[in-house]
Amino acid sequence: ASLRAEGEMPLEPLLNCLRRAVPVRDLTDAEVEALVGFLQELGSLRREGSRIRPGRGTLTRFYQALSLIPEEKTYPLRDLGTRKLLGTLDERFVVTQILSRPDFTFLLHGSTWRVVEFRDDELLVESVKEIGSEPRWVGEDIPVPFPVAQEIGRCRREADLGPYPLSEAARVRLLDRSRRLRGAPAIPDDRTVTVEMYGGQAVLGACFGTRVNHTLGLLWSGLATSRFGVRSEVLLSEPTWLILGLPSHPSPREVAELLPLDPETVPGLLRRLVPASLEYRWTFTTVARKLGVISLESKGRDLKTLEPLLQHAQETPLGEEVLEKTLHDRFDLEGTMEVFRRWRSGQLKLVEVPGGPLALGHEVLGRLSWQELGDTPPPTLLRAVRDRLSQESLVLLCVRCGFERTVTPG
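In this note's numbering, the protein residues as written are 98 to 507.
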């Protein structure tokens, strides 16, 4: 907008003005040159020696970037066979789930579907006979900070509720819960990380907060994929729990050996893993729209060009901005490094817990939207099935004489 008003202006005074803002006060000359060149390619400005002039898209990009709310579209779904409209999918779900995995399936109206074609104004889908993922929007809760999660762990360890202004009923309930926890093989707290294995699912008790656990999940799933040769993923990330999906079914000992890391290697490892994360894909889409790399008028068919853009933009100012924004908004680098420093100094210990009904991780597994049942059903499920069967009416029929009788086992 300033360029449009002035017509042209020297680059140096503009940089001096910009560097008064905290986010860009450490901008180097090399970064400035790369940024100016990138904006020239986009048509946002033109450079003539030491002066810059507005480009063809300066004013349009300025007004497009006024809103801090990301532009998000919805795409209608049409059945390839019947040509009927089935519903809509949010762009975030399409970008982070469907485009990242071409064979991805999802649930809609009780059936499983797969996208087979991206059109300008809709997506064509076909029905498949397998279990899919429901297209849900979880939303964003206020993240639990590292110190708060550590305090939760300390309360688990000490069972001291004295400093907290609780009603008598709440105090009794929490103390009762604490006493019942004492029967578990091990309790994750501010000094203890627990590992439980349930087939291909590793349940990790880690009282480190929302963003630190999210960061740990990305690091550990990436290392597991590299170590075991099969794609691993984070199935659940909470302030005090993590569940990793490990299709290779490693032993608890193999998982435990994977967890400790050298704190100094974390920044580099994280910067390599984040560009492959789902958070990076969505942040890239929103930032690229702000800069005009992706048009606001883009159609469903244009989504297929996202993969080449992601690869090409990683070494550009756009890729750097997306990486830094994703790290700042979604991850906690300093908190994660502190966890590994405590691990190295012996302030944190790792405990392998046999998976089973008495372990705390067995209860956490129930928070997944789906789960594979083991060979042995839990006692609560067995009791529920037995009680239901005892109330069912049975019809007994003699195949010889045809005599019929109705009885209730209970």
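Where a beta carbon is used, it is the ideal one built from N, C-alpha and C, also for glycine.
Quick caveat, the model's predicted, so the values are computed rather than measured.
Thinking A321 and S329 are a contact (beta carbons under 8 Å), I'd like their distance in whole angstroms, please.
-> 4 Å
Since G342 is in the beta strand (DSSP E), which residue starts that stretch and which ends it?
-> Start and end: 338–342.
Going by other Cβ atoms of all chains shown within 10 Å of its Cβ, with 16 needed for buried, is C304 buried or exposed?
-> buried
Apart from the five residues on each side of it in sequence, which residues of its chain come closer than 8 Å, Cβ to Cβ, to L220?
-> Y172, P173, L174, R175, L186, V191, V212, E214, G397
Taking Cβ to Cβ, would you say E460 is nearer than 8 Å to P349?
-> No, Cβ-Cβ distance for E460 and P349 is not below 8 Å.
Thinking A281 and L341 are a contact (beta carbons under 8 Å), I'd like their distance in whole angstroms, please.
-> Actually they do not touch by this definition, with Cβ atoms about 20 Å apart.
Could you pull the start and end residues of the alpha helix (DSSP H) that K422 belongs to?
-> 414–427
Could you work out which residue in G458, T505, L465, L356 is closest to A283 when comparing CA atoms only?
-> Relative to A283, the option among G458, T505, L465, L356 whose CA is nearest is G458.
Local conformation of T179 per DSSP, three classes = coil
From the DSSP output, read off the bridge partner residues of E223.
-> R211
Run of the alpha helix (DSSP H) containing Q247, from where it starts to where it stops = Run containing Q247: 243–255, per the alpha helix (DSSP H) assignment.
Report the three-state DSSP secondary structure of W467 (helix, strand or coil).
-> With a pLDDT of only 49 at W467, under the threshold of 50, the placement of this residue in the model should not be trusted, and no figure is reported.
Local conformation of D399 per DSSP, three classes = helix
Length of the line joining the Cα atoms of R143 and R153 | 9 Å
Name the two residues that bound the continuous alpha helix (DSSP H) containing P151.
-> Note, P151: premise wrong, no alpha helix (DSSP H); beta strand (DSSP E) at 148–151.
Supposed contact pair E145 and L177 - C-beta distance, whole angstroms, cut 8 Å = Between E145 and L177 the Cβ distance is about 53 Å, and since that is not below 8 Å, they are no contact.
Helix, strand or coil: how does DSSP classify L278 here?
-> helix
Assign T125 to buried or exposed, taking buried as 16 or more other Cβ atoms, counted over all protein chains shown, within 10 Å of its Cβ.
-> exposed
Mapping DSSP to helix, strand and coil, what is V119?
-> In the three-state reduction of the DSSP assignment, V119 falls in the helix class, which pools H, G and I.
Figure out for me which residue from E435, F381, C495, L115 has the closest Cα to the Cα of V309.
-> The option with the nearest alpha carbon to V309 is E435.
Have a look at A373 and R276 and give me their C-alpha separation to the nearest angstrom.
-> 43 Å
Residue nearest to H346 in terms of C-alpha spacing, selected from D218, G314, G296, E354 | G296
Looking at R483 and L420, is the spacing between their C-beta atoms short of 8 Å?
-> no
Is it buried or exposed for N113, if we count other Cβ within 10 angstroms and need 16 for buried?
-> By the C-beta density criterion, N113 is exposed, having fewer than 16 other C-beta atoms within 10 angstroms.
Identity of the residues DSSP links to E361 by a beta bridge | According to DSSP, E361 bridges with nothing at all.
Around the Cβ of H311, are there at least 16 other Cβ atoms within 10 angstroms (buried) or fewer (exposed)?
-> buried
Endpoints, the beta strand (DSSP E) within which V290 is located = 289–295
Compute the Euclidean distance between the alpha carbons of Q411 and P120, then round it to the nearest angstrom.
-> Note on geometry: alpha-carbon atoms of Q411 and P120 lie some 20 Å from one another.
Can you tell me whether Y377 is buried or exposed, with buried defined as 16 or more other CB within 10 angstroms of its CB?
-> buried
Look at the alpha carbon of K226 and the alpha carbon of D399, and state the distance between them as a whole number of angstroms.
-> Going from the Cα of K226 to the Cα of D399 covers about 28 Å.
Closest residue to L366 among W440, Q408, G326, S318 (Cα-Cα distance) = If we check each option's Cα against that of L366, S318 comes out closest.
Quick one: residues in its chain with C-beta nearer than 6 Å to the C-beta of L370, no 5 flanking neighbours on either side, listed in chain order?
-> The answer, listed in chain order, is L315, G319.
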